[in-house]
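To keep things clear, I will list the structure first and then write my remarks on it.
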Amino acid sequence: MTAPAPVETLDLAARFPDWVTADARPGYSGWIVEKDKLPDFARALRDDLGYDYLSSVTGVDYLPEGKMEVVYHAYKTTGGPGVVFKVQVARQDPVEVPSLVSIYPGAEFQEREAWDLLGIKFTGHPDLRRILMWEDFAGHPLRKDWREPYFEEEFKPFKSRWPEGKFQMAEDKARLGDNLSFPAGFDPQKKTDFDPEKALYEALRQYQKTESGLETEHLLVNIGPHHPSTHGVFRVAVVLDGETVLSLKPVMGYLHRNHEKIGERNTFLMNMPYTDRLDYLTSMSNNFGYALAVEKLMGITPPERAEYIRVMMAELTRIANHVWAIGFLLNDLGAYFTPMLYAQEERELILDIFEAVSGSRMMCNYFRFGGVARDLPDGVLEKVRDLAFERLPRKVDELEALLADNEIIRSRGIGQGVLTAEDAIRYSAAGPLLRASGIPYDVRRAEPYSIYDRLEFDVACRPNGDIYDRMMIRFDEIRQSLRIIQQTVKQMPGGPIMAVKPAYQVRVPPGEAYGRVEGPKGELGFYIVSTGKSSPWRYHVRAPSFINLTAFGPMCVGQKIADLVAILGSIDIVLGECDR
Amino acid sequence: MDTNELNAPGYEIPPEVQGQVAITTLDRIYNWGRRASVWPMMFGLACCAIEMICTAASRFDLARFGMEIMRPSPRQSDLMIVSGTVTKKMVPIIVRLYNQMPEPKYVLAMGACASGGGPFKEGYNVVSGIDKFIPVDVYVPGCPPTPQALLNGLMKIQEKISGEHWRTSRWYQKGGDQAEIPIPILGPDLIDPRKVEEYSRRLAESEA
Numbered sequence: 087m088t089a090p091a092p093v094e095t096l097d098l099a100a101r102f103p104d105w106v107t108a109d110a111r112p113g114y115s116g117w118i119v120e121k122d123k124l125p126d127f128a129r130a131l132r133d134d135l136g137y138d139y140l141s142s143v144t145g146v147d148y149l150p151e152g153k154m155e156v157v158y159h160a161y162k163t164t165g166g167p168g169v170v171f172k173v174q175v176a177r178q179d180p181v182e183v184p185s186l187v188s189i190y191p192g193a194e195f196q197e198r199e200a201w202d203l204l205g206i207k208f209t210g211h212p213d214l215r216r217i218l219m220w221e222d223f224a225g226h227p228l229r230k231d232w233r234e235p236y237f238e239e240e241f242k243p244f245k246s247r248w249p250e251g252k253f254q255m256a257e258d259k260a261r262l263g264d265n266l267s268f269p270a271g272f273d274p275q276k277k278t279d280f281d282p283e284k285a286l287y288e289a290l291r292q293y294q295k296t297e298s299g300l301e302t303e304h305l306l307v308n309i310g311p312h313h314p315s316t317h318g319v320f321r322v323a324v325v326l327d328g329e330t331v332l333s334l335k336p337v338m339g340y341l342h343r344n345h346e347k348i349g350e351r352n353t354f355l356m357n358m359p360y361t362d363r364l365d366y367l368t369s370m371s372n373n374f375g376y377a378l379a380v381e382k383l384m385g386i387t388p389p390e391r392a393e394y395i396r397v398m399m400a401e402l403t404r405i406a407n408h409v410w411a412i413g414f415l416l417n418d419l420g421a422y423f424t425p426m427l428y429a430q431e432e433r434e435l436i437l438d439i440f441e442a443v444s445g446s447r448m449m450c451n452y453f454r455f456g457g458v459a460r461d462l463p464d465g466v467l468e469k470v471r472d473l474a475f476e477r478l479p480r481k482v483d484e485l486e487a488l489l490a491d492n493e494i495i496r497s498r499g500i501g502q503g504v505l506t507a508e509d510a511i512r513y514s515a516a517g518p519l520l521r522a523s524g525i526p527y528d529v530r531r532a533e534p535y536s537i538y539d540r541l542e543f544d545v546a547c548r549p550n551g552d553i554y555d556r557m558m559i560r561f562d563e564i565r566q567s568l569r570i571i572q573q574t575v576k577q578m579p580g581g582p583i584m585a586v587k588p589a590y591q592v593r594v595p596p597g598e599a600y601g602r603v604e605g606p607k608g609e610l611g612f613y614i615v616s617t618g619k620s621s622p623w624r625y626h627v628r629a630p631s632f633i634n635l636t637a638f639g640p641m642c643v644g645q646k647i648a649d650l651v652a653i654l655g656s657i658d659i660v661l662g663e664c665d666r
Numbered sequence: 004m005d006t007n008e009l010n011a012p013g014y015e016i017p018p019e020v021q022g023q024v025a026i027t028t029l030d031r032i033y034n035w036g037r038r039a040s041v042w043p044m045m046f047g048l049a050c051c052a053i054e055m056i057c058t059a060a061s062r063f064d065l066a067r068f069g070m071e072i073m074r075p076s077p078r079q080s081d082l083m084i085v086s087g088t089v090t091k092k093m094v095p096i097i098v099r100l101y102n103q104m105p106e107p108k109y110v111l112a113m114g115a116c117a118s119g120g121g122p123f124k125e126g127y128n129v130v131s132g133i134d135k136f137i138p139v140d141v142y143v144p145g146c147p148p149t150p151q152a153l154l155n156g157l158m159k160i161q162e163k164i165s166g167e168h169w170r171t172s173r174w175y176q177k178g179g180d181q182a183e184i185p186i187p188i189l190g191p192d193l194i195d196p197r198k199v200e201e202y203s204r205r206l207a208e209s210e211a
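Going down the list, the protein sequences come from chains S and D. For the first sequence, the positions run 87 to 666 when the working numbering is used. For the second sequence, the positions run 4 to 211 when the working numbering is used.
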């Protein structure tokens, strides 16, 4: 058990007096950087101070103050607390901020997302296109003055609905009788040639050129969004030379269901069930991240028993997710459905436990601010004990024995789709993807939350960063999760499960908070800005599936197209979280 | 439909051939074959797809219904299970897939989102139910529906198949399989080509 890195006091304002000022707003922390000095500051932060891992980039629209803010969270891969820095720009078009892609390539997709949803233009970004919406879409939806077609009121609960509970169909109220709105002066009957693919193909055109006089042709192949190997509605546009991948661009947003916009209308508690639907395989750990962020703002900590239940559920989720991931990776490698059936059997047993505690197999909605929704029903602890001590260790060994030495898996996995340690950090890869590349970075150890600082477990780590290691690290992590569950079962204390009285409305003081957990897919963060009202002013999700895809392109270039499918499977994405 | 029912065409079978041959109506044998071999499209959209996979796996075992053969290609599938939130960006593809499915084809809207938008209905990129674009045969409620609920929905599809007659089926009528649904366009917002006139009228009304 390694001790967390000692907390050092970091006074960036004294170090960079002309560039940086401390963020003095009440409830806020971090540093405000001069816009023009941002690249220099980021370079110094990375090279001189060692903050090599840019975790999250997001924007906030402070409409009343007339400014936009870009918020960056950077960490050291050696552990310890992070540094938050912000850039503020006047809210007038175009809102321009220098891009950090050249310093932290992991910012690429996140900056594109901020451009798409908030209209912040990152100058110097290599490929600034919309990422979640399509190219011709009108407006930037997360701006506070942008209203969706079914807009009713700024914040819930809507006055029209209560106290009588009246409800009108949104279609009856909407101007066009449908969930859509057109910009002023647009005539839907006029024939216009919209081509949502134009910008994408233009971005790929540079790779389609053929060199020298040889008559070869590069092929552009679209995989997805309807394709069995893309784990949902994900799409990749690949440029191929024969069977070798020359370049690729992921295309996403086919499951963009507006978590953040809806989340900014919802009250704080209403968002809890929505977090279930982010990464729908791991709803318990999504709940965990969101509860942590709001609890940070509220300044409460859950009672002991609730902490133990939370950790137990989060680790069960990790096991359920990893067996699923292994099963699906084997699907992608061509071992169609049989390994999947072995994995599913165990997942179903874990889902039974979730159903017993929360009432739902997948969408648990189990955590509350300051505890959990219900206590463990009778018999559940015994079931968990049986699983953690008896059945799962045996079954994990069995699954590993079937897979680990399989000749086909070894030859297709070892040395394929390599992500080096340096690249993994540069591209802000998280979770098993980062740890399989030899970086033992785990939020549970790097910045322990809940009760992880007193539990014994090892951070799983594998050195090679190939497909095989990314499969094997999931076995390692399952074993570590079992160790944690065994400890929580043994040490489960009695007592209350809520620190505060359960309430539909919680009072959240103004300020910002970033809560992060080590989810099964990687670092899952929630950035929340509260203005003291019933709803968050900004609700942003740092989704590991989304950011891990930044490294997908570089991993695939030079590989065969059949390996692309396996590499995608080894990253383990879930589109609900990726597109949000 | 059990064997007794299948072999009861409604008139008397001579005792010497009973048990030797099966006499039934064309409708019955045809529907019996179709309902016991519905091939769903391997097509997942969101959370509901996970429950769909669980339904196909060993615990709930879709193979009992002859439905375990999921085909990724729409050309080989009979049933589209719309399993999850339909977004504006995705709906042109779903409509195209539906058009590519051969008749007879069925659509099952799985879960709250596919049926009517669900918890994400108010979202700016969410379609309020797939039935705004393609005809739906069975709606399964739930968020997500449990595998048991999905199985019940699939049995409803079987019931529907059993009640059909080849003589009156749409897809055996002249031109019955030609009904293609126009693909929605991704402009400044999602444009349904069938509704452009209505949009113009409503725009004019709201400006007046």
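All residues carry an ideal CB built from backbone N, CA and C; glycine is no exception. In this text the structure is predicted, and so the values were computed from the model without any measurement.
| Item | Value |
| --- | --- |
| Beta-carbon separation (whole angstroms), Glu-393(S) vs Ile-537(S), contact threshold 8 Å | 5 Å |
| Chain-ordered chain S contacts of Arg-228(D) [CB-CB under 7 Å] | Beyond the ends of chain D as shown, which are 4 and 211, falls residue 228(D); an answer cannot be given. |
| Identified DSSP bridge partners for Glu-155(S) | Val-146(S) and Gln-174(S) |
| Beta carbon of Asp-109(S) nearer than 7 Å to that of Arg-229(S) | no |
| CA nearest to the CA of Val-322(S), picked from Glu-663(S), Ile-653(S) and Gly-662(S) | Ile-653(S) |
| Nearest-angstrom Cβ-Cβ length linking Ala-515(S) and Ala-637(S), presumed shorter than 8 Å | 5 Å |
| Distance between Glu-288(S) and Trp-418(S) (C-alpha atoms, nearest Å) | Correcting the residue identity first, residue 418(S) is Asp in this sequence and not Trp. Distance between the alpha carbons of Asp-418(S) and Glu-288(S) is about 30 Å. |
| Interface residues of the segment 317-340 of chain S facing chain D [CB-CB below 8 Å] | Gly-318, Val-319, Gly-339 and Tyr-340 |
| Neighbour flag for Ile-186(D) against chain S, beta carbons, 7 Å | no |
| Inter-residue Cα distance where the pair is Ile-26(D) and Asn-373(S) | 59 Å |
| Alpha-carbon to alpha-carbon, Thr-209(S) and Ser-185(S) | 5 Å |
| Within 7 Å, strictly: CB atoms of Tyr-488(S) and Ile-495(S) | For the record, residue 488(S) in the displayed sequence is Leu; it is not Tyr. No, the Cβ-Cβ distance between Leu-488(S) and Ile-495(S) is not below 7 Å. |
| Collapsed DSSP secondary structure at Leu-111(D) in the structure displayed | strand |
| Where Arg-593(S) falls, given that 16 or more other Cβ within 10 Å makes a residue buried | exposed |
| Gly-662(S) at chain D interface by Cβ criterion, 7 Å | yes |
| Beta-carbon proximity of Ile-571(S) to Met-398(S), cut-off 7 Å | yes |
| Alpha carbon of Ala-589(S) to alpha carbon of Ala-256(S), nearest angstrom | 28 Å |
| Three-state class that DSSP yields for Ile-647(S) in the structure shown | helix |
| Cβ distance (whole Å) where Val-529(S) is taken to contact Val-643(S) below 8 Å | About 29 Å separates the two Cβ atoms, so there is no contact after all. |
| Cross-chain neighbours of Ile-436(S) in chain D, by beta carbon under 8 Å | In chain order: nothing, as chain D lies at least about 12 Å away. |
| Spatial neighbours of Asp-104(S) in its chain, beta-carbon cut-off 6 Å, leaving aside the 5 residues before and after | none |
| At least 3 beta-carbon pairs within less than 8 Å: the segment 336-343 of chain S vs the segment 122-133 of chain D | yes |
| Nearest to Ala-176(S) (by Cα), restricted to the options Ile-189(S), Gly-192(S) and Glu-155(S) | Glu-155(S) |
| Spatial distance of Pro-249(S) from Asn-352(S) (CA atoms) | 17 Å |
| Which listed residue (Ser-620(S), Arg-624(S) and Asp-665(S)) has its alpha carbon closest to that of Phe-241(S) | Ser-620(S) |
| Spatial distance of Val-615(S) from Ser-165(D) (CA atoms) | 56 Å |
| Cα-Cα separation between Phe-475(S) and Met-384(S), rounded to whole angstroms | 37 Å |
| Amino acids of chain D, ordered along the chain, whose beta-carbon sits closer than 8 Å to that of Thr-278(S) | Gly-190 |
| Alpha carbon of Ala-224(S) to alpha carbon of Tyr-127(D), nearest angstrom | 11 Å |
| Stretch-stretch touch, CB-based, cutoff 8 Å, three pairs: the segment 130-148 of chain S with the segment 110-118 of chain S | no |
| Exposed unless 16 or more other CB atoms sit within 10 angstroms - verdict on Lys-252(S) | exposed |
| First through last residue of the alpha helix (DSSP H) which encompasses Met-83(D) | From DSSP, Met-83(D) is part of no alpha helix (DSSP H) but of the beta strand (DSSP E) over 82-86. |
| DSSP bridge partner residues for Glu-604(S) (one or two, in chain order) | Glu-609(S) |
| Own chain partners of Thr-58(D) with C-beta closer than 7 Å, once the 5 adjacent residues on each side are dropped | Leu-65, Pro-150, Leu-153 and Leu-154 |
| Min CB distance Asp-222(S) to chain D below 7 Å | yes |
| Cα-Cα separation between Glu-381(S) and Phe-46(D), rounded to whole angstroms | 39 Å |
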